[in-house]
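Enquirer: Chains as they are written, first to last, in this note's numbering: chain F, 1 to 306; chain R, 307 to 627. The structure that follows is given in the form of structure tokens.
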């Protein structure tokens, strides 16, 4: 194991974490502000990826594809919020789980209807497909580096949006006391629609960014959704900062677990069983992380402890 | 419009008659389908006990369903290949398999419950989900029992004197379990344990103030619930003669939860109605369109938005939502 390989894996973990952050940011706000469990958040990730693949095919421009993914998920989010989600904010979690579970079925089958059952491919643009060299002789993919940058930039923008702007202050106020905020003349319904669709748009963008590395297929959102839930539960529901820290923790734990555990177990077992034990434990590692965090901090790292 | 007890009896009566009807019309597939309904009902009843009566929204009951299924598959495959499993050579005697499935699922439920029940609300939903996902990924990446491809056991486990490969006999075995669980839960729900469990849902602080430890009661209920769902998983493996990681996936948890809610939360027979409705929808919509899940989603959303108290209340005279 060389040091450059280790750094490359850390960067991969970072890239994974940043992508998870894009996915979790909307989820944690929707959870924290509206008190809604949204299982269908993964569908926006999928919609973004499909929109990107479609427009990349149509226009040949990767940039347009990314914008399209953001816009498509934004509209899908707004539409879903206005037609269905709005009616279930006040319901108990059980109804929300059921309704958004049904939304997953609707979106997945709808996409299958439109695009067929086969995965689509979204190519990395030529200028980003190569690697560039870092010190210590490390080669790292430009595209993955770009994802890390985009994620960090969005994290900074979100941080300012939430802590410095009027909308952000209203969102935070709505989190504490929604009746009071609406009594003060804030159009809380509109605010909710904005938060929900913005979260959906970020999920769509992350779906498109990852779609270029993996394939674009129906059901691609669910595994990521579960990871995003792990992230926001670790970080504390409603906290953007928590989502960021949680996402990086989960991203790095997962990547490093897969990378290090098999070689760790090879000290105790023969090569074949070390690989299988190592990879089994690695795939469970983030859930173990989550369980440990919840046992010691039952409302997450930055949770409000409600 | 019926009283609840009457509706329950009618449901059981219909379930009892199904295999005879399918025998007369020579439709053996109907019996297999109804066996699936009965097994999913058992899983749902297990979940409903904590979800409906205790207010504990577990989103990880696939863990018990799947582990019950895998225990059954692993025991059977060891017995068939006469390979040693720890100190035990596996078993294809269904009664022993049931016993071990229930034992292991109770232990698992104790562990998961012990950690999860410290949290509440959304965090409880998520931590139960996380535990189930842990097992799901473990089952996928552990190659010894088929990994992602699943495990085939070729023949059902043996029941003394009867041939379990006969669909009708297997059906009545499952139905017997359903009746056993329904009647024992009815007793439990009216016992001090059940009453405290229901009060925990209504007001946990008050339960504490009369000197009862709600954690302990909820943990016991969670163990009972896990054992019931685990047994359903065991039957499910025997029904399909196959078990794969999909029984541990979060879709399974979602499906069990959907049929509990569809039927009507906190009604003993609710999950049965939910399962009947769910499977009928799956079959009829599946026959009409290959995008049947789209319509299923559509119907579930309508149900959530407009028929809030579940299917049971739809058939019942009184409406205590």
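Glycine included, every Cβ here is placed at the ideal spot set by N, Cα and C. All values reported here derive from a predicted model rather than from experimental measurement.
Is the distance from the Cβ of residue 537 of chain R to the Cβ of residue 407 of chain R below 9 Å?
Expert: Yes, these two residues count as a Cβ contact at 9 Å.
Enquirer: Mind listing the chain R neighbours of residue 280 of chain F? Cutoff is C-beta to C-beta under 8 Å, in chain order.
Expert: Here the neighbours are 443, 444, 447, 448.
Enquirer: With DSSP collapsed to three states, give me the class of residue 549 of chain R.
Expert: Note: residue 549 of chain R maps to strand in three-state DSSP.
Enquirer: Determine the chain F residues that contact residue 432 of chain R at a beta-carbon separation under 7 Å, and present them in chain order.
Expert: Chain F residues near residue 432 of chain R: 229, 233.
Enquirer: Thinking C-alpha only, which one of F/130, F/209, F/277 is nearest residue 307 of chain F?
Expert: Here chain F comprises residues numbered 1 to 306, so residue 307 of chain F is not present and cannot be evaluated.
Enquirer: Looking only at its own chain, which residues have a Cβ that is under 6 Å from the Cβ of residue 533 of chain R, when we skip the five neighbours before and after it?
Expert: Counting only Cβ-Cβ distances below 6 Å, and skipping sequence neighbours, we find 408, 411, 412.
Enquirer: Taking residue 597 of chain R as the query, report the chain F residues whose CB atoms sit under 7 Å from its CB, ordered along the chain.
Expert: Per Cβ cutoff of 7 Å: 109, 112, 113.
Enquirer: List, in order along the chain, the chain F residues whose C-beta lies closer than 7 Å to that of residue 439 of chain R?
Expert: Residues of chain F passing the Cβ test: 226, 287.
Enquirer: Determine, for residue 242 of chain F, whether the minimum Cβ-Cβ distance to residues of chain R falls below 9 Å.
Expert: Not an interface residue.
Enquirer: Using a Cβ cut-off of 9 Å, which residues of the stretch 84-100 of chain F contact any Cβ in chain R, in chain order?
Expert: Listed by position along the chain: 84, 87, 88, 91, 92, 93, 94, 95, 96, 97, 98, 99.
Enquirer: According to the neighbour-count rule (16 or more other Cβ atoms, all chains shown, within 10 Å of its Cβ), is residue 254 of chain F buried or exposed?
Expert: Buried, because 16 or more other Cβ atoms sit within 10 Å of the Cβ of residue 254 of chain F.
Enquirer: Three or more C-beta pairs under 8 Å: does that hold for the stretch 362-378 of chain R against the stretch 555-569 of chain R?
Expert: Touching, per the Cβ criterion.
Enquirer: Given a cut-off of 9 Å, decide if residue 6 of chain F and residue 148 of chain F are closer than it, judged by their beta-carbon atoms.
Expert: It is not a contact, given that the beta carbons lie outside the stated cut-off.
Enquirer: DSSP three-state label for residue 467 of chain R, please.
Expert: Residue 467 of chain R falls in the coil class under three-state DSSP.
Enquirer: Leaving out five residues before and five after residue 577 of chain R in sequence, what residues of the same chain have Cβ atoms less than 7 Å from its Cβ?
Expert: These residues qualify, in order along the chain: 347, 350, 351, 354, 565, 566, 569.
Enquirer: By DSSP, does residue 292 of chain F sit in helix, in strand, or in coil?
Expert: Helix, per DSSP.
Enquirer: Taking the alpha-carbon of residue 157 of chain F as reference, which of F/40, F/240, F/218 has the nearest alpha-carbon?
Expert: When each option's Cα is compared against that of residue 157 of chain F, the closest is F/240.
Enquirer: Which two residues bound the contiguous alpha helix (DSSP H) that contains residue 11 of chain F?
Expert: Looking at the DSSP string, the run of the alpha helix (DSSP H) that includes residue 11 of chain F is 3-34.
Enquirer: Classify residue 95 of chain F: buried if its beta carbon has 16 or more other beta carbons within 10 angstroms, exposed otherwise.
Expert: Classification of residue 95 of chain F: buried, given that the 10 Å Cβ count is 16 or more.
Enquirer: Flag residue 106 of chain F as yes if its beta-carbon sits less than 9 Å from any beta-carbon of chain R, otherwise no.
Expert: Yes, residue 106 of chain F counts as interfacial toward chain R.
Enquirer: By the DSSP assignment, the beta strand (DSSP E) with residue 138 of chain F in it spans what residues?
Expert: Looking at the DSSP string, the run of the beta strand (DSSP E) that includes residue 138 of chain F is 138-141.
Enquirer: With a 10 Å radius around its C-beta and 16 neighbouring C-beta atoms as the bar for buried, classify residue 494 of chain R as buried or exposed.
Expert: Under this definition residue 494 of chain R is a buried residue.
Enquirer: In chain order, which alpha helix (DSSP H) runs of at least 4 residues are fully inside the stretch 557-598 of chain R?
Expert: 576-594, all fully within the stretch 557-598 of chain R.
Enquirer: Among F/291, F/107, F/236, which residue has its Cα nearest to the Cα of residue 47 of chain F?
Expert: Of the listed residues, the one whose Cα sits closest to residue 47 of chain F is F/107.
Enquirer: Nearest by alpha-carbon distance to residue 457 of chain R: which of R/483, R/512, R/520, R/386 is it?
Expert: That would be R/386, whose Cα lies nearest to the Cα of residue 457 of chain R.
Enquirer: Grouping DSSP H, G and I as helix and E and B as strand, with all else coil, what is residue 388 of chain R?
Expert: In the structure shown, residue 388 of chain R sits in coil (DSSP, three-state: anything other than H, G, I, E or B).
Enquirer: Using the Cβ count rule (16 or more neighbours within 10 Å means buried), how would you classify residue 185 of chain F?
Expert: Classification of residue 185 of chain F: exposed, given that the 10 Å Cβ count is below 16.
Enquirer: Name, going along the chain, the residues of the stretch 569-581 of chain R whose beta-carbon falls closer than 8 Å to a beta-carbon of chain F.
Expert: Hits within the stretch, in order: 571.
Enquirer: Name the chain R residues whose beta carbon is nearer than 7 Å to that of residue 298 of chain F?
Expert: Residues of chain R passing the Cβ test: 424, 425, 429.
Enquirer: Counting pairs of beta carbons, one from the stretch 498-505 of chain R and one from the stretch 372-379 of chain R, are three or more of them closer than 8 Å?
Expert: Segments in contact, no.
Enquirer: Go ahead and pull the three-state DSSP assignment for residue 422 of chain R.
Expert: Residue 422 of chain R: helix per DSSP, three-state reduction.
Enquirer: Quick one: list the residues of chain R neighbouring residue 294 of chain F, beta-carbon separation under 9 Å, in chain order.
Expert: Near residue 294 of chain F (Cβ distances below 9 Å), the residues of chain R are 421, 422, 424, 425, 429, 432, 433, 436.
Enquirer: Taking residue 37 of chain F as the query, report the chain R residues whose CB atoms sit under 8 Å from its CB, ordered along the chain.
Expert: Within chain R, the residues near residue 37 of chain F are 428, 431.
Enquirer: Measuring alpha carbon to alpha carbon, tell me which residue in R/328, R/323, R/331, R/358 is nearest residue 574 of chain R.
Expert: It is R/358 whose Cα lies nearest to the Cα of residue 574 of chain R.
Enquirer: Whole angstroms are fine: how far does the CA of residue 172 of chain F sit from the CA of residue 549 of chain R?
Expert: Cα to Cα, the separation comes out at about 47 Å.
Enquirer: Any idea which residues DSSP pairs residue 457 of chain R with across the strands?
Expert: In DSSP, residue 457 of chain R forms a bridge with R/549.
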